[in-house]
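**Student:** Have a look at the structure that comes next, please.
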Amino acid sequence: AQSVAQPEDQVNVAEGNPLTVKCTYSVSGNPYLFWYVQYPNRGLQFLLKYITGDNLVKGSYGFEAEFNKSQTSFHLKKPSALVSDSALYFCAVRPPSGNTPLVFGKGTRLSVIA
Amino acid sequence: NAGVTQTPKFRVLKTGQSMTLLCAQDMNHEYMYWYRQDPGMGLRLIHYSVGEGTTAKGEVPDGYNVSRLKKQNFLLGLESAAPSQTSVYFCASSSDSTSGGETQYFGPGTRLLVL
Chain A
15 AQSVAQPEDQ VNVAEGNPLT VKCTYSVSGN PYLFWYVQYP NRGLQFLLKY
65 ITGDNLVKGS YGFEAEFNKS QTSFHLKKPS ALVSDSALYF CAVRPPSGNT
115 PLVFGKGTRL SVIA
Chain B
43 NAGVTQTPKF RVLKTGQSMT LLCAQDMNHE YMYWYRQDPG MGLRLIHYSV
93 GEGTTAKGEV PDGYNVSRLK KQNFLLGLES AAPSQTSVYF CASSSDSTSG
143 GETQYFGPGT RLLVL
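Just so you know, the protein sequences line up as chains A and B, in that order.
Heads up, the first sequence is in this note's numbering, so the first residue is 15 and it goes up one at a time.
Heads up, the second sequence is in this note's numbering, so the first residue is 43 and it goes up one at a time.
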């Protein structure tokens, strides 16, 4: 069965510094990988996804993620963090066997400090 | 284009009461999902539907029932609410795709408190 691990419950970073939110996955075959963001009292918003092709995926709000097959990772990155990036971030995976529901990680809370 | 909407936004129930959560989408999506979000647990899939008239169990289906009588609506029912069902419930939808790369779109959530 597929699974996603987000090893950090909380990430703190100073405004202007680069940020990384980690995600590793376990799935048979080539995965479809997603990142979502949740602001307080809101639903999840799609940030970016990896389906195939270039391992570096660019998404909304200046975020990007790098698919690393050998390390089974899909870390979310941003070169310069903003206070407004503070939110809960979820990594999700779907196996390549049809349109099955996403499996989500437990989430990482990002706090950007001014 | 409202996307995915959920009704109600907040509800308080007493143990043993029943209620129905309504999810509606206007994107003509085939697939719809119900998740619950609990602190430290992430999102867990309750039930989902791959088309009108179909439903399937997810990771945590016990205590819940669903119906998809119309393509645009997906209802989540609690027949006899328990305090363990206190949670935030999210509905999502996605289009049909054999490639599997379709994005799921989420509603704003329903906060349920069972006393």
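The C-beta atom is built at its ideal place from N, Cα and C for all residues, glycine as well.
Please state if the CB of A:Val97 and the CB of A:Glu29 are separated by a distance shorter than 8 Å.
**Tutor:** Yes, these two residues count as a Cβ contact at 8 Å.
**Student:** In the DSSP assignment, what are the bridge partners of A:Leu61?
**Tutor:** Answer by DSSP bridge pairing: none, since A:Leu61 is not bridged.
**Student:** Taking all protein chains shown into account, decide if B:Arg110 is buried (16 or more other Cβ within 10 angstroms of its Cβ) or exposed.
**Tutor:** Result: buried.
**Student:** Evaluate the contact criterion for the stretch 37-54 of chain A versus the stretch 82-95 of chain A: three or more CB pairs, one atom per stretch, below 8 Å.
**Tutor:** Yes: at least three Cβ pairs fall under 8 Å.
**Student:** Could you tell me whether any Cβ in chain B is nearer than 8 Å to the Cβ of A:Phe77?
**Tutor:** No - not a single Cβ of chain B is within 8 Å of the one on A:Phe77.
**Student:** What runs of the beta strand (DSSP E), each 3 residues or longer, lie entirely inside the stretch 71-97 of chain B?
**Tutor:** Runs found: 73-80, 84-91.
**Student:** Please name the residue in A:Arg56, A:Val27, A:Lys83 whose C-alpha comes closest to that of A:Ser94.
**Tutor:** Comparing Cα-Cα distances from A:Ser94 to each of A:Arg56, A:Val27, A:Lys83, the minimum goes to A:Val27.
**Student:** Give me the chain A residues within the contact set of B:Pro150, using Cβ-Cβ distance strictly less than 9 Å, ordered along the chain.
**Tutor:** Going along chain A in sequence order, the residues near B:Pro150 (Cβ under 9 Å) are Asn55, Arg56, Gly57.
**Student:** State buried or exposed for B:Gln48, treating a residue as buried only when at least 16 other CB atoms are found within 10 Å of its CB.
**Tutor:** The residue in question, B:Gln48, is buried, as its Cβ has 16 or more Cβ neighbours within 10 Å.
**Student:** Find the residues of chain B that neighbour A:Lys63, judging by a C-beta separation of less than 7 Å, and give them in chain order.
**Tutor:** Within 7 Å Cβ-Cβ: Gly143, Thr145.
**Student:** Could you round the C-beta distance between B:Met61 and B:Gln67 to whole angstroms and report it? I think they count as a contact, below 8 Å.
**Tutor:** With a Cβ gap of about 20 Å, B:Met61 and B:Gln67 do not count as contacting.
**Student:** Between which two residues does the beta strand (DSSP E) holding A:Arg123 run?
**Tutor:** Element bounds for A:Arg123: 122-127.
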